[in-house]
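Asks: Every letter in the sequence shown is one number past the one before it in the numbering used here, and letter 65, counting from 1, is 144.
Where is the CB? At the ideal position from N, CA and C, for every residue including glycine.
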Amino acid sequence: MKDILAELEERREDARLGGGQKRIDAQHARGKLTARERIELLLDEDSFEEFDMFISHRCTDFGMEDNKPAGDGVITGWGTINGRQVYVFSQDFTVLGGSVSATHAQKICKIQDMAIQNGAPIIGLNDSGGARIQEGVDALAGYAEIFQRNIMASGVIPQISVIMGPCAGGAVYSPAMTDFIFMVKDTSYMFVTGPDVVKTVTNEQVTAEELGGASTHTKKSSVADGAFENDVEALAEVRRLVDFLPANNREKSPVRPFFDDPARIEDSLDTLIPENANTPYDMKELITKVADEGDFYEIQEDFAKNIITGFVRLEGRTVGVVANQPMVLAGCLDIDSSRKAARFVRFCDAFEIPILTFVDVPGFLPGTSQEFGGVIKHGAKLLFAYGEATVPKVTVITRKAYGGAYDVMASKHLRGDFNYAWPTAEIAVMGAKGATEIIHRADLKDAEKIAAHTADYEDRFANPFVAAERGFIDEVIQPKSTRRRVARAFASLRNKKLQNPWKKHDNIPL
Ligand code: HXC
Numbered sequence: 080m081k082d083i084l085a086e087l088e089e090r091r092e093d094a095r096l097g098g099g100q101k102r103i104d105a106q107h108a109r110g111k112l113t114a115r116e117r118i119e120l121l122l123d124e125d126s127f128e129e130f131d132m133f134i135s136h137r138c139t140d141f142g143m144e145d146n147k148p149a150g151d152g153v154i155t156g157w158g159t160i161n162g163r164q165v166y167v168f169s170q171d172f173t174v175l176g177g178s179v180s181a182t183h184a185q186k187i188c189k190i191q192d193m194a195i196q197n198g199a200p201i202i203g204l205n206d207s208g209g210a211r212i213q214e215g216v217d218a219l220a221g222y223a224e225i226f227q228r229n230i231m232a233s234g235v236i237p238q239i240s241v242i243m244g245p246c247a248g249g250a251v252y253s254p255a256m257t258d259f260i261f262m263v264k265d266t267s268y269m270f271v272t273g274p275d276v277v278k279t280v281t282n283e284q285v286t287a288e289e290l291g292g293a294s295t296h297t298k299k300s301s302v303a304d305g306a307f308e309n310d311v312e313a314l315a316e317v318r319r320l321v322d323f324l325p326a327n328n329r330e331k332s333p334v335r336p337f338f339d340d341p342a343r344i345e346d347s348l349d350t351l352i353p354e355n356a357n358t359p360y361d362m363k364e365l366i367t368k369v370a371d372e373g374d375f376y377e378i379q380e381d382f383a384k385n386i387i388t389g390f391v392r393l394e395g396r397t398v399g400v401v402a403n404q405p406m407v408l409a410g411c412l413d414i415d416s417s418r419k420a421a422r423f424v425r426f427c428d429a430f431e432i433p434i435l436t437f438v439d440v441p442g443f444l445p446g447t448s449q450e451f452g453g454v455i456k457h458g459a460k461l462l463f464a465y466g467e468a469t470v471p472k473v474t475v476i477t478r479k480a481y482g483g484a485y486d487v488m489a490s491k492h493l494r495g496d497f498n499y500a501w502p503t504a505e506i507a508v509m510g511a512k513g514a515t516e517i518i519h520r521a522d523l524k525d526a527e528k529i530a531a532h533t534a535d536y537e538d539r540f541a542n543p544f545v546a547a548e549r550g551f552i553d554e555v556i557q558p559k560s561t562r563r564r565v566a567r568a569f570a571s572l573r574n575k576k577l578q579n580p581w582k583k584h585d586n587i588p589l
């Protein structure tokens, strides 16, 4: 018996060493943690339960029969984050570059299935050279099995990917189908084909960092939702995100203790809107002043900054926030901001997270690049996402709500539950100057007349009362009492039930 116990310990020791001390040292020298160290930081202390520690691949080509590391390059299992269950896989770059074999894939699939069946989030820590080259189609088949499960899990359990090393080929498509992707600056890359292939095919010279580094994917491509300085920060932020999310689509988000008065009055909000309607102000100030303890978890902070998306809590409960940002492009909607916000709204709706929308939008951005890029279809994504969402929706118009963008931003007509406006709101088809130049074209040469017409238009429409008279705005509220009004609105909607007509699925304009 003693011998067997000793053998078990030996085997465990061997498995824990992954690709060996030399490769572990190399991993550390690059500023990266090992797969096991990452799991330790991600999960609550001593909560990790491992599966398939001794699994090994079945490949016999290219001398692989003599190279069979226990665990086959990925560590899988479950544990807890602040006491709540999550499933996790962590690829071990020290073992054959974290490459995905048939058995490596089988391990990931096992915990994907368990996560779906048990209704708990799954977190993938990716550090992989992609399909294991020695295995050929077996590795590709393994990847496809993972993809299929990503698709089945979508909208059922939250799926979070952290990119913590090079991710090429198949290694990027699994994360791409998850809800959130985070990257680590300077040590992680994502591309379908790497710089060498790019050079051969297109003759472009590009570094791995330029092609698929954290900056590229958080600022240009929007593939990633956030980037962090190092492994430790990335894993701590994933823990913070998980705290906002429900375990699955049938459960509510956790209610956290809060120490902030829901009725807190913020006098400073009464002067947030500048005198001049064209002067920008920072919408994030409103978000943090409304949130419990000023805590805001922003998603896609560096992309399409003309719209802000992220999570806050009100009375301890998670709320998704979408807000136009007047500091960037005057808060206009465009292709990128519509796509960004639409995806966020759909995530919230899929996971029963109520949506708070702050509106200050002068309309859709005009121009050939927008039209040629398909702003009609992309803008429609956000319209569609808001319209199909059945979660509680509370909207506050702070200043401009012009044209189609008024309709899009969770208006009453898209089943907004509470539609509030500040007294500074201007709800109209367009700004006064533009409107006057169209409807009084005959007077264009007479500056005095145009000024009078503009003033007249402003008088009539640069306020929230026309919309309020029609019931499109439920109440004009004082800016300083926004937190109280919004918190009470969501509290009143906790038992909201709304169902869309039966359908196989919708056909959102992709
Ligand atoms: C087998 C691999 C591997 C792979 C890396 N290794 N990638 N083994 N299959 N895909 C091994 C290396 O042989 C090496 O083994 C160890 O991992 C570390 O790799 P290095 O190259 O030394 O590390 P580094 O210089 O950091 O470069 C990392 C890398 C590079 C950028 C990931 O290894 C690379 O380009 N790999 C190939 C990437 C790729 O083309 N994958 C296939 C994608 S196709 P030793 O024993 O020396 O430590 C794909 C299809 C799926 O994924 C499609 C689905 C849609």
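Please report the distance separating the alpha-carbon of Lys559 from that of Lys331.
Replies: A direct Cα-Cα distance of roughly 29 Å separates Lys559 from Lys331.
Asks: Using the C-alpha atoms, what's the distance from Ala566 back to Gly395?
Replies: 10 Å
Asks: Would you call Arg115 buried or exposed, if buried means 16 or more other Cβ atoms sit within 10 Å of its Cβ?
Replies: Its Cβ being crowded by 16 or more others within 10 Å, Arg115 is buried.
Asks: Determine whether the beta carbon atoms of Gln170 and Ser207 lie at a separation below 8 Å.
Replies: yes
Asks: For a test of your reading of the model: does the CB of Ser301 fall under 7 Å from any non-hydrogen atom of ligand 1? Yes or no.
Replies: No, the beta carbon of Ser301 sits no closer than 7 Å to any heavy atom of ligand 1.
Asks: Which residue's Cα is closest to the Cα of Gly234: Lys460, Asn328, Lys479, Glu354?
Replies: Asn328
Asks: Can you give me the Cβ contacts of Lys491 inside the same chain, cut-off strictly under 6 Å, excluding the 5 residues immediately before and after it?
Replies: Asn498, Phe551
Asks: Cutting at 7 Å between CB atoms, please list the residues of its own chain near Lys456, excluding the five before and the five after it.
Replies: Residues Pro588 of the same chain have their beta carbon placed closer than 7 Å to that of Lys456, with the five preceding and five following residues left out of the count.
Asks: Should His183 be labelled buried (16 or more other beta-carbon atoms within 10 Å of its own) or exposed?
Replies: buried
Asks: Nearest to Ile556 by alpha carbon, out of Pro502, Asn574, Val285, Lys111?
Replies: Pro502
Asks: Identify which residue in Gly176, Ala303, Met256, Val302 has its Cα closest to the Cα of Pro245.
Replies: Gly176
Asks: What's the call for Lys186, buried or exposed, on a 16-neighbour Cβ count within 10 Å?
Replies: buried
Asks: Who does Gln227 pair with in a DSSP beta bridge?
Replies: The bridge partners DSSP lists for Gln227 come to none.
Asks: Pro543: which of Asn586, Asp525, Lys479 sits nearest, CA to CA?
Replies: If we check each option's Cα against that of Pro543, Lys479 comes out closest.
Asks: Quick one: give me the first and last residue of the alpha helix (DSSP H) that Ile195 is part of.
Replies: 181-197
Asks: Determine which residues share a DSSP beta bridge with Gly156 and list them.
Replies: Glu129, Val167
Asks: With Lys189 and Phe130 assumed to form a contact (beta carbons below 8 Å), what rounded beta-carbon distance in angstroms separates them?
Replies: 6 Å
Asks: How about Ser178: is its Cβ closer than 7 Å to a heavy atom in ligand 1?
Replies: Within the cutoff, so yes.
Asks: Nearest CA to the CA of Thr173: which residue from Ala402, Thr113, Glu450, Gly292?
Replies: Thr113
Asks: Is DSSP giving Leu572 helix, strand or coil here?
Replies: coil
Asks: Would you list the one or two residues that DSSP bridges to Met262?
Replies: Ile242, Ala306
Asks: Which residue comes first and which comes last in the alpha helix (DSSP H) that contains Gly56?
Replies: Only positions 80 to 589 of the chain appear in the structure, and residue 56 is not among them; the question remains open.
Asks: Could you say which of Thr272, Glu548, Gly510 lies nearest to Gly664 if we only look at CA atoms?
Replies: This structure cannot settle anything about residue 664, because the visible part of the chain is limited to 80 through 589.
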